[in-house]
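Q: From first to last, the protein sequence lines stand for chains A and B. Under the working numbering, the residues of the first sequence are numbered 242 to 512, in order. Under the working numbering, the residues of the second sequence are numbered 54 to 340, in order. Let me give you the structure first, and then I'll get to my questions.
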Amino acid sequence: MIKKTGFYILLISLVLYCSGPFLWQLITSLKPDVELTTIPPIFPEHPAVMHYMSIFEGHPFFRIILNSAVVSSSTTVLSLIIGSLAAFGLAKLRIRYKTLILGFVLSVSMFPPIATVSPLYIIIRALGLRDTWWALIMTYTTFSLPLTIWILTNFFREIPNEIYLAARVDGCTTFQAFYKIMLPLSAPGFYSTAILVFIFSWNEFLFALTFTSTQVSRTIPVGIAMFPGLHEIPWGDIAAASIVVTIPLILLVFLFHRRIIEGLTAGAVKG
Amino acid sequence: MTERESGNRYVIPALVLLTFVTIYPVSYVLYLSLYRRLLIFDISRFIGLDNYLFLFSDDRFWNALKNTVYFTSLSVSLELLFGLCVAVLLNRPFRFRGWIRAVVLIPWAIPTVVSARMWEWIYNTDFGILNYLIGSKINWLGSPFWALNAAVFMDVWKTTPFVAILLMAGLQVIPKDICQAARVDGAGGLAIFRRITLPLLKPVILVVLIFRTLDAFRVFDAIYVLTGGGPANTTETLSIYAYKVLFQTLQFGYGSTLSVVVFLCTGGISIFYIRLLSRGIKRTLHD
Chain A
242 MIKKTGFYIL
252 LISLVLYCSG
262 PFLWQLITSL
272 KPDVELTTIP
282 PIFPEHPAVM
292 HYMSIFEGHP
302 FFRIILNSAV
312 VSSSTTVLSL
322 IIGSLAAFGL
332 AKLRIRYKTL
342 ILGFVLSVSM
352 FPPIATVSPL
362 YIIIRALGLR
372 DTWWALIMTY
382 TTFSLPLTIW
392 ILTNFFREIP
402 NEIYLAARVD
412 GCTTFQAFYK
422 IMLPLSAPGF
432 YSTAILVFIF
442 SWNEFLFALT
452 FTSTQVSRTI
462 PVGIAMFPGL
472 HEIPWGDIAA
482 ASIVVTIPLI
492 LLVFLFHRRI
502 IEGLTAGAVK
512 G
Chain B
54 MTERESGNRY
64 VIPALVLLTF
74 VTIYPVSYVL
84 YLSLYRRLLI
94 FDISRFIGLD
104 NYLFLFSDDR
114 FWNALKNTVY
124 FTSLSVSLEL
134 LFGLCVAVLL
144 NRPFRFRGWI
154 RAVVLIPWAI
164 PTVVSARMWE
174 WIYNTDFGIL
184 NYLIGSKINW
194 LGSPFWALNA
204 AVFMDVWKTT
214 PFVAILLMAG
224 LQVIPKDICQ
234 AARVDGAGGL
244 AIFRRITLPL
254 LKPVILVVLI
264 FRTLDAFRVF
274 DAIYVLTGGG
284 PANTTETLSI
294 YAYKVLFQTL
304 QFGYGSTLSV
314 VVFLCTGGIS
324 IFYIRLLSRG
334 IKRTLHD
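Here's what the structure looks like:
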């Protein structure tokens with residue numbers, strides 16, 4: 242009995258520890274400015290949505306959210322297309338230097354972004370792509386390819402070879418076998434990968450900070466980091482903005498936590 | 054068309070992208086690191102290894118290296134410790150386990166920049182909830198003594214879920230009958246954990262260590278937003294120093310040298326862990 246109570250106390254503290262900072266930000270976002278500085282700083286006495294109004298009025302917040310949405314979803318689609326083709330090739334076709342290629346792909350995932358950011362900046366400036374969606378989409382797609390390829394290769398490998406070969410014998414070309422047979426069978430792997438890649442691109446900061454300079458292409462992390470505050474930091478507005486941009490992610494986590502966990506572990510533990 | 058030719062076609066787009074967006078830039082950074090290149094003055098002069106020699110006398114570099122190593126070792130060991138506890142806790146069957154796992158994932162899913170802003174407010178000296186809860190007036194982010202530890206704590210909060218989820222996956226693979234057999238033989242919970250769970254979990258622990266060490270070593274956004282490297286450079290890590298040299302003072306030569314150092318360190322770390330990992334796997338196979 243005592244053991245059980247102890248277990249539940251631990252569980253509750255774990256839940257509080259994990260969600261506490263977020264809940265605190267939620268509470269902050271609902272406080273009118275005067276209440277932000279009151280002590281004790283517990284609940285808002287007069288909850289207000291003024292900060293939510295002000296982030297959309299005073300700042301180009303819609304545009305920033307749109308940028309992030311476009312960049313993240315394009316990245317997800319592109320890296321799924323390119324990554325699944327590669328994974329299919331590596332899992333089911335005869336390719337020379339297969340282990341070498343997989344090792345190369347894995348080593349790329351270990352590259353520190355800071356080691357590529359300045360040359361990429363020079364290249365992107367030379368191509369005239371600075372401050373465009375394309376600069377980010379191209380970079381994010383590449384950096385999510387290792388994860389995509391590893392997860393999907395694992396999923397494709399688990400599909401029995403007989404199924405693939407039967408399709409080939411029945412007259413499918415390799416590509417038909419890929420999209421008619423392999424893709425539907427590995428749909429769970431696709432969901433997992435898509436969510437992970439989406440979250441990665443939604444969160445990325447270093448490249449976004451370097452390649453964007455105006456709100457034409459600025460993404461959410463950069464928008465939050467550069468939140469205007471000439472004299473004092475607008476804590477209420479920042480809190481509201483962080484709640485707005487985090488809600489999609491929390492929804493993703495609650496709807497798809499099994500898929501996320503599957504993806505994370507397929508990418509890491511099995512690989 | 055032979056099977057092999059068609060196989061290559063599938064892999065080539067990915068390889069082309071990977072080469073142009075990672076291999077080519079890394080070579081370019083190596084090349085730039087041999088130059089004295091100042092974008093604002095239009096200076097570009099080959100100087101060989103001078104930038105690398107300058108590292109030795111650059112106090113700010115040593116300070117950044119020290120901070121990075123401190124940040125990495127402290128946060129990774131705390132994450133492993135907490136992650137292990139959380140994994141063991143959540144590995145038991147109970148009601149609402151799925152939901153609680155989802156809650157545990159929240160810190161991991163929140164963008165780093167957002168969590169840095171959240172913690173900045175929690176750490177606020179006058180109005181932050183932390184000082185209120187512990188009844189202190191500590192200037193967490195403004196004091197050289199606390200700032201780096203505050204960053205470590207934020208990182209631990211954010212990435213423990215990731216560690217816990219991976220370790221939990223490892224725990225589930227461990228056959229239950231081994232533990233039951235040990236229990237029948239009279240082994241206590243702690244002994245089972247030390248003698249059975251931990252050794253069997255070792256490969257997963259190593260994988261977690263690779264990922265987390267590399268991530269922590271190249272830490273940028275968390276600290277950049279939380280403290281900007283301050284106060285007095287006490288939280289400046291290698292990536293932040295390199296970024297400032299590259300994009301604030303626009304010294305692309307020396308900045309590239311610093312990036313190369315980060316690259317070499319992460320390369321070294323991966324090789325070290327991968328050796329450890331393959332040795333561990335070989336030993337398990339021999340047993």
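In this text, a Cβ means the ideal position worked out from N, Cα and C, and glycines have one as well.
Count the CB pairs spanning the stretch 454 to 461 of chain A and the stretch 293 to 312 of chain A that are closer than 8 Å, and state whether there are at least three.
A: In short, these stretches touch, since the Cβ pair count reaches three.
Q: Can you give the Cα-Cα distance for A:A418 and A:T434, rounded to whole angstroms?
A: A:A418 and A:T434: Cα-Cα distance of roughly 21 Å.
Q: To the nearest angstrom, report how far apart B:A28 and B:T288 are at their CA atoms.
A: Here chain B has residues from 54 to 340 only, and residue 28 of chain B is not among them.
Q: Along chain A, in chain order, which residues have C-beta atoms closer than 8 Å to that of B:T165?
A: In chain order: N444, F446, P462.
Q: Please tell me whether B:P78 has its Cβ less than 8 Å away from any Cβ of chain A.
A: Answer yes: the Cβ-Cβ gap between B:P78 and chain A drops below 8 Å somewhere.
Q: In chain B, which residues lie with their C-beta within 9 Å of the C-beta of A:I243?
A: Ordered by position in chain B, no residue passes the 9 Å Cβ test against A:I243, which lies about 15 Å from the chain.
Q: Taking its Cβ as the centre, do 16 or more other Cβ atoms sit within 10 Å of A:L492, making it buried, or is it exposed?
A: With fewer than 16 other Cβ atoms within 10 Å, it is exposed.
Q: Tell me which residue opens and which closes the beta strand (DSSP E) that B:R90 is part of.
A: Where B:R90 is concerned, the enclosing beta strand (DSSP E) stretches over 88 to 91.
Q: Between B:F300 and chain A, is there a C-beta pair that is closer than 8 Å?
A: At least one chain A Cβ lies under 8 Å of B:F300.
Q: Please report the distance separating the alpha-carbon of B:Y326 from that of B:T213.
A: The straight-line gap from Cα to Cα measures roughly 20 Å.
Q: Please state whether DSSP places B:Q233 in a helix, a strand or coil.
A: The answer is helix: DSSP assigns B:Q233 an H, G or I state.
Q: I need the DSSP call for B:Q304, collapsed to helix, strand or coil.
A: Strand.
Q: Pull up the DSSP beta-bridge partners for B:S97, would you.
A: Paired residues: B:R90.
Q: State the Cα-Cα distance for the pair B:R62 and A:D411, rounded to the nearest angstrom.
A: Each residue's alpha carbon lies about 22 Å from the other.
Q: Can you name, in chain order, every residue of its own chain whose Cβ lies under 7 Å from the Cβ of A:G512, other than the five neighbours on each side?
A: With a pLDDT of only 45 at A:G512, under 50, the local geometry of the prediction cannot be trusted, and the value read off the model is given with reservation. Within the same chain, A:G512 has close Cβ partners W391, N395.
Q: When burial is assigned at 16 or more other CB atoms within 10 Å of the CB, is A:N402 buried or exposed?
A: The residue in question, A:N402, is exposed, as its Cβ has fewer than 16 Cβ neighbours within 10 Å.
Q: Going by beta-carbon coordinates alone, are B:L127 and B:L194 separated by less than 8 Å?
A: Not in contact: B:L127 and B:L194 (Cβ atoms no closer than 8 Å).
Q: Does B:D179 come out as helix, strand or coil in the three-state DSSP assignment?
A: Three-state DSSP puts B:D179 in coil, outside helix and strand.
Q: Is it buried or exposed for A:M379, if we count other Cβ within 10 angstroms and need 16 for buried?
A: Per the 10 Å Cβ criterion, buried.
Q: Which class does B:E173 belong to by DSSP, given the choice of helix, strand or coil?
A: Note: B:E173 maps to helix in three-state DSSP.
Q: Where does B:W172 land, buried or exposed, given buried means 16+ other C-beta within 10 angstroms?
A: B:W172 should be labelled buried.
Q: How big is the Cα-Cα spacing for A:A547 and A:P354?
A: Since the first and last residues shown for chain A are 242 and 512, residue 547 of chain A lies out of range.
Q: Got a sec: which bits of the stretch 427 to 444 of chain A sit with their beta carbon under 7 Å from any beta carbon on chain B, in order along the chain?
A: Answer set for the stretch 427 to 444 of chain A: I440, W443, N444.
Q: Following the continuous alpha helix (DSSP H) through A:P475, name the residue where it begins and the one where it ends.
A: A:P475 -> no alpha helix (DSSP H), and no H or E assigned at all.
Q: Looking at chain B, is there any beta carbon in it that lies within less than 8 Å of the beta carbon of A:L264?
A: A:L264 does not count as touching chain B.
Q: Residues of the stretch 242 to 268 of chain B in Cβ contact with chain A at a cutoff of 7 Å, in chain order, please.
A: Answer set for the stretch 242 to 268 of chain B: V257, V260, F264, L267.
Q: Any Cβ of chain B within less than 8 Å of the Cβ of A:P288?
A: Output row for A:P288: interface = no.
Q: Tell me the rounded alpha-carbon separation between B:L348 and A:L347.
A: Residue 348 of chain B lies beyond the range of chain B shown here (54 to 340); nothing can be said about it.
Q: Is there a C-beta anywhere in chain A that falls below 8 Å from the one on B:W172?
A: Yes - at least one Cβ of chain A is within 8 Å of the one on B:W172.
Q: Ordered along the chain, which non-local residues of its own chain (more than five positions away) have a Cβ less than 7 Å from that of A:A449?
A: Within the same chain, A:A449 has close Cβ partners L377, T460, P462, V463.
Q: Count the CB pairs spanning the stretch 313 to 330 of chain A and the stretch 472 to 480 of chain A that are closer than 8 Å, and state whether there are at least three.
A: No: fewer than three Cβ pairs fall under 8 Å.
Q: So that I know if they touch, is there some Cβ in chain A lying closer than 8 Å to that of B:A222?
A: B:A222 counts as touching chain A.
Q: Below 9 Å on C-beta distance, what does B:S59 contact in chain A?
A: Result: G330, L334, T414, T415, F416.
Q: Could you list which residues in chain A have their beta carbon closer than 9 Å to that of B:W115, in chain order?
A: Correct list: empty, because the minimum Cβ distance to chain A is about 18 Å.
Q: With H, G and I counted as helix, E and B as strand and the rest as coil, what does DSSP make of B:A285?
A: Reduced to three states, the DSSP call for B:A285 is coil.
Q: On the DSSP letters alone, give me the boundaries of the alpha helix (DSSP H) that A:Q266 sits inside.
A: Unbroken alpha helix (DSSP H) run through A:Q266: 243 to 270.
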